[in-house]
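A.B. asks:
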Amino acid sequence: MIAGQSNSAGFSKTPGCREPAAGIHMFRNRCRWDIASDPMNEKTDTAHPENAELFLPGQSPWLAFALALKRELGYPIGLIQTSVGGSPLSAWNPEENGILFRNMIRTVSMCGGRVKGVLWYQGETDAGGETETAGYLERFAGFVSAVRREMNDPLLPFFTVQLNKFLSCTDPDTDRRFAEIREAQRKAGKIPGVTVIPSLDLTLSDEIHNNSASNNALGERIAFTALGKIYGADYISSVPDISDAYVSPDGYAVLVFDGVSMYLVGRGIPTERSEFVFFDEKGEIPIESCGFAGDRIFFRLSRNPSGNVSVSCAPHAYSGYGVPFDRGTGIPVPGFVNFPCRLSDVREFRNN
Numbered sequence: 019m020i021a022g023q024s025n026s027a028g029f030s031k032t033p034g035c036r037e038p039a040a041g042i043h044m045f046r047n048r049c050r051w052d053i054a055s056d057p058m059n060e061k062t063d064t065a066h067p068e069n070a071e072l073f074l075p076g077q078s079p080w081l082a083f084a085l086a087l088k089r090e091l092g093y094p095i096g097l098i099q100t101s102v103g104g105s106p107l108s109a110w111n112p113e114e115n116g117i118l119f120r121n122m123i124r125t126v127s128m129c130g131g132r133v134k135g136v137l138w139y140q141g142e143t144d145a146g147g148e149t150e151t152a153g154y155l156e157r158f159a160g161f162v163s164a165v166r167r168e169m170n171d172p173l174l175p176f177f178t179v180q181l182n183k184f185l186s187c188t189d190p191d192t193d194r195r196f197a198e199i200r201e202a203q204r205k206a207g208k209i210p211g212v213t214v215i216p217s218l219d220l221t222l223s224d225e226i227h228n229n230s231a232s233n234n235a236l237g238e239r240i241a242f243t244a245l246g247k248i249y250g251a252d253y254i255s256s257v258p259d260i261s262d263a264y265v266s267p268d269g270y271a272v273l274v275f276d277g278v279s280m281y282l283v284g285r286g287i288p289t290e291r292s293e294f295v296f297f298d299e300k301g302e303i304p305i306e307s308c309g310f311a312g313d314r315i316f317f318r319l320s321r322n323p324s325g326n327v328s329v330s331c332a333p334h335a336y337s338g339y340g341v342p343f344d345r346g347t348g349i350p351v352p353g354f355v356n357f358p359c360r361l362s363d364v365r366e367f368r369n370n
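So the numbering used here is basically just the index in the sequence shown, starting at one, shifted up by 18.
Written as structure tokens, this is what we have:
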């Protein structure tokens, strides 16, 4: 089941759409099964105007996703499209407005009432408000619980995409909230059965929507993760996430990541353009240098830290092109905000 807003519905108009293929089907908005093709959320003869777009949408990640599944599994894949551009989480949460939640459940009931998993890409709209951002994690958790309850499946898998970039953001509060939504999405990965897929490294077709090449890469990224996690196929299903951070009194720091299948590598970004930012009680601590070793990233800071220290990755709406990635899967580390650093002798980590 496909849910969320514009990057889930598919707004890319750049070349590179995957061709339709036998065995990949979708339940179209006119409530008929058809061979899956983009644009998936076109509204010809739609039976549910709740998720009708204002104009013709474009390409999404989900045809590439389904093609990758079918190639490995060898049987047909069905997609149920319920997303719509610009939709806030409140429209999906039955404890709030819930209009798209009700439409989604009604649509799934026409297809037998059960799905294998949920493909979720949403959050850009909620970054527009303080209340929506502050409560995003709890509201998303409520949405997940409600869907599972309606589907009578307490561990129904969710694959949710962490927000990519918003290049034209000029409002400082929206800029901050965009990163805070990413942090809430990262934490949502702790909910059992929820997997968060970072997308910060991907390129755009406009100021906020993924282009076709990125959608294809993202669809396959999610498919390979799903194959390992819910289909038991021999695919690496781990996704990097920060697990610990340490800083020493003499100005060294190390970040430790879970879910690294091979080793972390950088992208050749100059230190002054690093996606990582350290703060203490005196303000930002500039980074002098950094290096990679396995599942760890080491930093030499420009001064000794003072008081409590935290670290953020991709702290702006426009951040992301320079995030390190797992060499084994190509999946980048996620964006995170104000992760606390513990005081420790970082040399112990370098020796290990």
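The beta-carbon is built from N, C-alpha and C at its ideal position, and this holds for glycine as well.
State the start and end residues of the unbroken alpha helix (DSSP H) segment that holds residue 243.
C.D. replies: Counting along the chain, the alpha helix (DSSP H) containing residue 243 begins and ends at 230-247.
A.B. asks: Within 10 angstroms of the Cβ of residue 216, are there 16 or more other Cβ atoms? Answer buried if so, exposed if not.
C.D. replies: So residue 216 ends up on the buried side.
A.B. asks: Determine the closest residue to residue 289 out of 247, 308, 181 and 338, with distance taken between C-alpha atoms.
C.D. replies: Among 247, 308, 181 and 338, the Cα nearest to that of residue 289 is on 308.
A.B. asks: For residue 338, collect the residues of the same chain with a Cβ closer than 6 Å to its Cβ; drop the 5 residues on either side in sequence, then sort them by chain order.
C.D. replies: 183, 218 and 332, listed in sequence order.
A.B. asks: Can you list, in chain order, the stretches of the beta strand (DSSP E) that have 3 or more residues and sit fully within the stretch 278-317?
C.D. replies: Runs found: 294-298, 301-303 and 305-311.
A.B. asks: For residue 203, collect the residues of the same chain with a Cβ closer than 6 Å to its Cβ; drop the 5 residues on either side in sequence, then sort them by chain order.
C.D. replies: So the qualifying residues of the chain are 180 and 214.
A.B. asks: Specify the secondary structure class of residue 356 as computed by DSSP and reduced to three states.
C.D. replies: In the structure shown, residue 356 sits in a strand (DSSP, three-state: E or B).
A.B. asks: Within 10 angstroms of its Cβ, does residue 73 collect 16 or more other Cβ (buried), or is it exposed?
C.D. replies: With fewer than 16 Cβ atoms within 10 Å of its Cβ, residue 73 is classed as exposed.
A.B. asks: Count the other C-beta atoms from every protein chain shown that fall within 10 angstroms of the C-beta of residue 118, then say buried if there are 16 or more, exposed otherwise.
C.D. replies: Answer is buried; the Cβ neighbour count reaches 16.
A.B. asks: Can you confirm whether the stretch 122-131 touches the stretch 76-95 when touching is taken to mean that 3 or more C-beta pairs between the two stretches lie within less than 8 Å?
C.D. replies: Contact fails: fewer than three Cβ-Cβ distances are below 8 Å.
A.B. asks: Near residue 79, what residues of its chain come up, given a Cβ to Cβ distance below 6 Å and the 5 sequence neighbours on each side ignored?
C.D. replies: Closer than 6 Å at the Cβ level, and outside the excluded window around residue 79, lie 233, 236 and 237.
A.B. asks: Quick check on the burial criterion: 16 or more other C-beta atoms within 10 angstroms. Buried or exposed for residue 365?
C.D. replies: Counting Cβ neighbours within 10 Å, residue 365 comes out exposed, since fewer than 16 surround it.
A.B. asks: Going by DSSP in three states, residue 63 sits in which element: helix, strand or coil?
C.D. replies: Correct three-state label for residue 63: coil.
A.B. asks: Three-state secondary structure (DSSP) at residue 336?
C.D. replies: Coil.
A.B. asks: Secondary structure at residue 257, three-state DSSP: helix, strand or coil?
C.D. replies: Coil at residue 257, not helix or strand.
A.B. asks: In three-state terms, what does DSSP make of residue 93?
C.D. replies: Residue 93: coil per DSSP, three-state reduction.
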